[in-house]
Each structure stands twice: as C-alpha cells, then as structure tokens.
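When the letters of the sequence shown are read in order and numbered with full-length UniProt numbering, they come out as residues 1 to 429. All C-beta atoms in this analysis are idealised placements derived from N, C-alpha and C, irrespective of residue type, glycine included.
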Amino acid sequence: MWSKSTANGSPRRARPMQKKNWNVKSFMNNSTAMKHYLSLFTLCLSIIFLSCNDDNSSDSISISKDQLNQSAYANASERGITFTAQEAWKTEINYNSATKATDTSNWITLDPPSGEAGTVTVKILLSPNYTGTGRKATIRIICGGSSITVTIEQKGQTEEGNTPIDPERPDQYKKLVSKIEITNTHYGSSGNLTHKSERLFTYDELNRISTYEEYDYTDNKRMLDWSDSYSYSGNTITCLEKVEDQNQIFEYKTIYKLDEEQNVKTWTCEYNEIGKPEIDQGELSYENGYFSSSRTEVSNSGPTTDQAIWVDGNLVKAGETDEPRATTNIEYSHIPNNSNVDFNYLLSQTEWLDCLAFEESGIKAFGCFGKRSAYLMSKEKDGYNNDEHVFEYRTDNEGYIREITVTTYDGQHQVSSKRIHTISYIDAN
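Structure below.
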C-alpha cells in the first residue's frame with residue numbers, strides 16, 4: 001500500500017497496520033523489547049514499594065506523615081513527636097553541618113530519648129538560636145530492625161523577624177542601659193502625689209554590671225537611697241550594698257557562687273541590722289537551663305521555698321510553694337527581652353517576683369540566673385492583694401526600649417499609681 005508522494009515526488013510507503021493478535025514469543029525474543037520490559041517491571045516494583053511505605057509505618061514503628069518535617073522560630077523552646085512502637089526504641093540526633101548556622105552545639109534535647117513499647121510522646125526541647133541563620137537536624141527513631149527519620153529546622157529569626165540576643169553573652173550588646181529616670185504618681189481620694197528618682201548603671205571592661213545606684217529627689221534635693229557594687233573572681237560574684245534609712249546606713253555583703261553554667265548555685269548575705277551579725281543564705285536549682293526552685297533561710301526565721309513555672313520560654317508564675325497567694329502571675333507582650341539588663345526582673349512590681357530566689361532582688365536582672373524570659377511582660381498580677389500592673393513600651397528606630405510605663409490597678413480595678421521610666425544608653429566596650 002502506498003501513500004502520498006514525498007517532497008521530491010517519489011512515492012512513500014505507508015506504515016502497515018498493526019495486527020491485534022501479535023506474537024508474544026517473538027516479542028520476548030527481541031532483546032531491545034526485553035530491556036524495555038524489564039525496566040517497566042522494575043519501575044512497577046518501585047512504585048509498589050513506595051506506596052507500601054507512604055504511611056511511614058513498619059512492623060515495629062509507625063508515625064503520622066505530617067510529623068516528619070517540623071520547623072520552629074529562633075526563640076521556640078519546644079516541639080514534639082508522637083509515635084507507636086511495638087518494642088523497645090531509642091533515638092539518634094544528627095546535626096546538619098551543611099547549614100549556615102555557626103552554632104554547632106547540641107541544641108536539641110529529647111525527653112525521653114528512649115523507652116519501651118507503646119504509644120509514645122517525645123518532647124523536642126530546643127535551645128534559642130542566636131546565630132541569625134537557620135539550622136537543621138534529623139532525629140532517627142530506631143525500633144527493632146526499623147527506623148524513621150524526623151527532620152527539624154529552627155529558623156534564625158523570631159516570628160516578628162528579629163534575631164534573639166544571647167543574654168549570657170554581654171559582648172553581643174552594642175548599647176548598655178546607663179540611666180533610668182522614674183516619675184511615680186500615686187492617685188488617692190485626697191489628691192495625687194508625684195515622686196521622682198533615678199537609677200544609674202556602670203560596667204566593667206567586659207560589660208558586666210559594676211555599680212547600680214538609686215537616687216531620690218526630695219524637696220528638690222538629690223539623695224542616695226542605696227548602692228550596689230559588684231566584683232568578680234572566678235566562679236564568685238561579690239555584691240556590697242549600702243542602704244540609707246532614716247539617716248542610718250546599713251551595709252550588706254552578698255556572695256554568689258556560680259555553677260559550671262555560670263548561674264548562681266548558692267548565696268550568702270551577711271549584715272548587721274540589730275546590733276549583731278546575721279546571715280541569710282539560699283540554694284538554687286535549674287531545669288533545662290531555666291531557674292526552677294530555691295530554698296532560702298533567713299536569720300531568725302524559718303526556711304521558705306520558691307518555685308518558678310515556665311511556658312514556651314517565658315516565666316508565667318513565681319512565688320512561695322507553701323503559700324498559694326504569695327505568687328505572681330505574668331502575661332507577655334511580643335517585644336523581645338533582649339536588652340543587656342532584664343527589665344522583667346529590674347522593674348518587677350510584686351514582692352514575689354522581686355524577691356524570687358533571694359531575700360532581696362539580688363543579681364537576677366544582670367544575668368547568672370539561668371535563661372531569661374523570651375519576651376517583656378505585659379501584665380504582672382499579685383496573687384495576694386489582686387493588684388494588676390500593666391506594662392507599656394516605647395522603642396526607638398533601632399529597637400531599643402526608651403520608655404516603660406507601668407500602670408497599677410487595685411483590687412477594685414481602679415488606677416492607684418503610674419510609673420514612667422525613661423531609659424538612656426551608652427555604647428558597650
């Protein structure tokens with residue numbers, strides 16, 4: 001059978017019609033066709049294999065597919081995975097060295113890292129990412145002869161697009177708080193009363209706190225209220241405090257002993273208020289880097305125990321364990337807590353937060369007290385008298401906190417006072 005002519009006018013043979021009843025034996029004897037057949041067979045087997053494993057299950061372990069790839073912001077503290085294991089299991093963590101993050105430390109902790117058969121939930125505890133770039137790791141869950149891999153990526157920024165600053169590395173701070181001017185107005189039925197004061201800060205060559213003083217303005221006169229002087233030697237920090245009260249000056253010497261993580265482990269305070277030496281002392285505990293509890297013994301008084309509760313990297317409740325009302329409940333803003341001093345502790349309004357772990361405010365605001373809250377608080381509520389303290393912040397173009405206003409509401413939700421803190425900075429060394 002012939003077709004239409006080709007371009008040069010010669011006839012062109014048409015393709016013969018394919019028969020429906022083709023010869024299987026002839027096809028199998030053709031080497032080229034055989035190769036295509038084997039390739040097709042191999043492809044089918046691969047598809048079947050992948051389909052069987054698409055539910056991420058095996059004879060020993062199963063986990064939902066949506067848990068295999070997880071992400072977290074730079075300041076996130078926890079993620080989790082839930083799976084079912086038919087027998088004892090264990091985990092391995094592999095940190096991806098190909099990521100750009102310069103922090104190669106072990107930034108993941110698994111709780112628990114291994115266990116027995118059953119349905120299991122494992123907490124993935126994350127350290128904050130201060131590098132500014134993302135980082136990845138894989139978690140391999142091994143059960144019998146099977147394993148499943150979970151990939152987790154921690155971003156280099158917070159949800160707001162900021163890079164967290166490591167509060168335990170003073171060299172990261174470009175500016176240091178140098179002065180806080182305070183205008184405190186009390187509102188009452190007989191009138192309003194306004195009082196002014198200021199706090200001054202100096203630092204050593206390593207940008208550690210050196211002196212911290214408060215001055216009051218009374219009858220237009222500037223008078224020293226109290227002063228703290230800090231010195232450092234190995235794992236010991238010594239604070240000498242002078243307090244002026246009714247024309248008398250009282251001196252206190254506090255010695256802080258630090259653990260391997262450079263957090264306060266024990267402290268002692270020597271003083272003389274009643275004509276004879278007295279000593280207060282305490283011991284602190286930490287969990288996953290955060291302050292968790294303390295036991296304090298005050299001279300001529302029984303011991304007290306303080307406890308802290310953290311949620312998503314923020315301190316949400318603190319106070320005495322044996323007095324339910326002697327607690328502070330805290331809510332948070334979306335403003336990162338990344339100044340060189342911790343404003344949450346420095347400007348705390350309740351006794352329970354101010355004296356947490358120490359008889360006085362102690363060294364909390366200047367570090368050596370475990371990881372700090374990720375954000376600045378928006379509300380502090382006193383569990384004893386139901387006073388609420390609401391915090392508002394004003395920042396400059398560089399993101400530094402320039403003003404903090406604290407409005408206090410009494411138990412009847414009436415405004416009882418307002419404190420305005422105006423903050424100045426100096427360049428770090």
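Note that the segment 332-339 does not touch the segment 382-390; fewer than 3 beta-carbon pairs, one per stretch, sit closer than 8 Å.
The segment 216-300 contains, as complete beta strand (DSSP E) runs of 3+ residues, the segments 221-233, 236-245, 248-258, 264-271, 278-287, 290-297 (chain order). Between the alpha carbons of Cys269 and Glu380 lies a distance of about 28 Å. Counting the other CB atoms within 10 Å of its CB gives Gly313 a total of 16 or more, which places it among the buried residues.
Per DSSP, Gly367 has no beta-bridge partner at all. For Tyr345, no beta strand (DSSP E) segment is defined; the enclosing uninterrupted segment is the alpha helix (DSSP H) at 343-346. Take Gln157, set aside five residues on each side of it, and the residues of its chain with a beta-carbon closer than 8 Å to its own are Tyr73, Ala74, Gly132, Thr163, in chain order. When C-beta atoms of the segment 174-194 are compared with those of the segment 143-158, fewer than three pairs fall below 8 Å, so the two segments do not count as touching.
By the neighbour-count criterion, in which a residue is buried when 16 or more other Cβ atoms sit within 10 angstroms of its Cβ, Asp219 is exposed.
Taking C-beta atoms under 8 Å as the contact rule, Asp228 and Glu244 fail to qualify, at a distance of about 13 Å. Inclusion of Ile108 and Ile81 in the CB contact set at 8 Å is not warranted, their separation being larger than that value. An exposed status is given to Leu193, since fewer than 16 other beta-carbon atoms sit within 10 Å of its beta-carbon. Annotated as proximal: Ile61 and Cys143, with beta-carbon spacing under 8 Å.
A straight-line Cα-Cα distance of about 39 Å links Glu87 and Lys317. With a threshold of 16 other beta carbon atoms within 10 Å, Pro128 meets it and is buried. For the pair Thr149 and Gln67, the Cα-to-Cα distance works out to about 10 Å.
Excluding its 5 nearest sequence neighbours in each direction, Ser71 has C-beta neighbours in its own chain below 8 Å: Ile152, Glu153, Gln154, Lys155, listed in chain order. Secondary structure note for Asp382: its beta strand (DSSP E) is the uninterrupted segment 375-382. Only exposed fits Lys174, as fewer than 16 other CB atoms lie within 10 angstroms of its CB. Two segments are said to touch when three or more pairs of C-beta atoms, one from each, lie closer than 8 Å; by this definition the segment 347-360 touches the segment 274-285.
Ranked by Cα distance from Gly275, the first of Lys257, Thr408, Asn263, Phe250 is Phe250.
A distance below 7 Å between beta-carbons, with the five flanking residues on each side excluded, links Val298 to the following residues of its chain, in chain order: Asp280, Glu359.
For Glu351, the enclosing alpha helix (DSSP H) stretches over residues 351-354.
With a beta-carbon spacing of about 14 Å, Lys136 and Asn106 fall beyond the 8 Å limit used to define contacts. Within a 10 Å sphere around the beta-carbon of Asn344 sit 16 or more other beta-carbons, which makes this residue buried. With fewer than 16 other CB atoms across the displayed protein chains lying within 10 angstroms of its CB, Leu206 is exposed. Boundaries for Thr133: no beta strand (DSSP E) harbours it, and the DSSP string shows neither H nor E there.
Spanning the alpha carbons of Thr296 and Leu353 requires a straight line of approximately 14 Å.
Between the alpha carbons of Gly134 and Tyr286 lies a gap of roughly 27 Å. Straight across, the Cα-Cα distance linking Asp59 with Ser146 is about 8 Å. Boundaries for Asn337: no beta strand (DSSP E) harbours it, and the DSSP string shows neither H nor E there. Arg222 counts as exposed, since fewer than 16 other beta carbons sit within 10 angstroms of its beta carbon.
If one requires a minimum length of 4 residues, no alpha helix (DSSP H) run lies completely within the segment 57-128. Of the other Cβ atoms in all chains shown, 16 or more fall within 10 Å of the Cβ of Ser373; this residue is therefore buried. Beta-carbon to beta-carbon, Thr305 and Asp322 are separated by about 7 Å, close enough to satisfy the 8 Å threshold.
Classified as buried, Asn263 has 16 or more neighbouring CB atoms from the shown chains inside 10 Å of its CB.
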